[in-house]
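**Q**
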Amino acid sequence: MSGLLSKGIKFNHMVATVATEIKDLQEIPDLGGKADKVEVTSLADDSKKYIAGIKDFGDLEFVFLYDNSLVTSNYRVLKAIEKAGTIDTFQVSFPDGTKFDFSASVMTTIAGVKPGDPLTFTAALTLNSEIEVTDPVVIP
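In structure tokens:
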């Protein structure tokens with residue numbers, strides 16, 4: 467496969483081992499972190515030396531079309547997690563079957579708008595785990 471469209475990416479809230487999609491996802495953040503650079507230069511070295519430090523993923527900000535019409539609506543589900551102050555498990559799944567699983571707390575923000583703009587909100591997820599990547603199953 468030489469390319470893959472973003473169409474079909476899903477954001478799931480994991481309840482036990484069941485992935486429940488949170489609908490109307492518009493944007494996902496970068497799903498990789500950057501490790502700090504730790505200097506390990508000694509007095510005998512002619513130049514600075516470094517090793518990789520702790521990886522920082524930062525907050526993951528997901529943008530959704532706003533829907534608060536039902537108990538299962540995207541805004542209501544994510545706002546309830548925020549109000550509970552819990553660490554929940556989430557998953558981003560790609561159309562090819564690649565999955566990114568992680569635990570995080572949630573903070574929601576309604577986006578500002580101009581006339582004619584769609585209502586959207588951002589769910590900023592603060593990680594409480596590594597991002598575990600599962601590769602798609604290859605069928606020969």
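Heads up, the sequence shown is in my numbering, so the first residue is 467 and it goes up one at a time. All C-beta atoms in this analysis are idealised placements derived from N, C-alpha and C, irrespective of residue type, glycine included.
Hey, residue 491 and residue 475: beta-carbon distance below 8 Å or not?
**A** In the sequence shown, the residue the question calls residue 491 occupies position 25. In the sequence shown, the residue the question calls residue 475 occupies position 9. Yes, the Cβ-Cβ distance between residue 491 and residue 475 is below 8 Å.
**Q** Would you say residue 522 and residue 554 are within 8 Å of each other, going by their C-beta atoms?
**A** Counting from one through the sequence shown, the residue named residue 522 turns up at place 56. Counting from one through the sequence shown, the residue named residue 554 turns up at place 88. It is not a contact, given that the beta carbons lie outside the stated cut-off.
**Q** Return the bridge partner residues of residue 493 from the DSSP annotation.
**A** As a working note, residue 493 is residue 27 in the sequence shown. Bridge partners of residue 493: 529.
**Q** If you compare alpha carbons, which of 514, 486, 529 is closest to residue 589?
**A** Within the sequence shown, numbered from 1, the residue matching residue 589 stands at position 123. Checked all of 514, 486, 529; the closest Cα to residue 589 is 529.
**Q** Where does residue 605 sit, in a helix, a strand or coil, going by DSSP?
**A** Counting from 1 along the sequence shown, the entry for residue 605 is found at position 139. If DSSP states are grouped into helix, strand and coil, residue 605 belongs with coil.
**Q** Tell me the rounded alpha-carbon separation between residue 586 and residue 542.
**A** Counting from 1 along the sequence shown, the entry for residue 586 is found at position 120. Counting from 1 along the sequence shown, the entry for residue 542 is found at position 76. Approximately 13 Å between the Cα atoms of the pair.
**Q** Give the range of the beta strand (DSSP E) segment to which residue 484 is assigned.
**A** Taking the sequence shown and counting its residues from 1, the one referred to as residue 484 is at position 18. Its beta strand (DSSP E) spans residues 484-487.
**Q** Quick one: residues in its chain with C-beta nearer than 7 Å to the C-beta of residue 520, no 5 flanking neighbours on either side, listed in chain order?
**A** For the purposes of this step, residue 520 is identified with residue 54 of the sequence shown, where counting begins at 1. Closer than 7 Å at the Cβ level, and outside the excluded window around residue 520, lie 501, 502.
**Q** Which residue from 596, 601, 564, 558 puts its Cα closest to that of residue 485?
**A** Within the sequence shown, the letter at position 19 stands for residue 485. Ranking 596, 601, 564, 558 by Cα distance to residue 485 puts 558 first.
**Q** Given this structure, state the Cα-to-Cα distance separating residue 605 from residue 563, to the nearest angstrom.
**A** As a working note, residue 605 is residue 139 in the sequence shown. As a working note, residue 563 is residue 97 in the sequence shown. Straight-line Cα distance between these residues: approximately 12 Å.
**Q** For residue 598, which residues in the same chain have their Cβ closer than 6 Å to its Cβ, ignoring the five residues on either side in sequence?
**A** Sequence index remark: in the sequence shown, residue 598 carries index 132 (1-based). Cβ within range, chain order: 567.
**Q** How would you write the range of the alpha helix (DSSP H) that residue 540 sits in, first residue to last?
**A** Along the sequence shown, one-based indexing puts residue 540 at 74. Here the alpha helix (DSSP H) through residue 540 covers 540-550.
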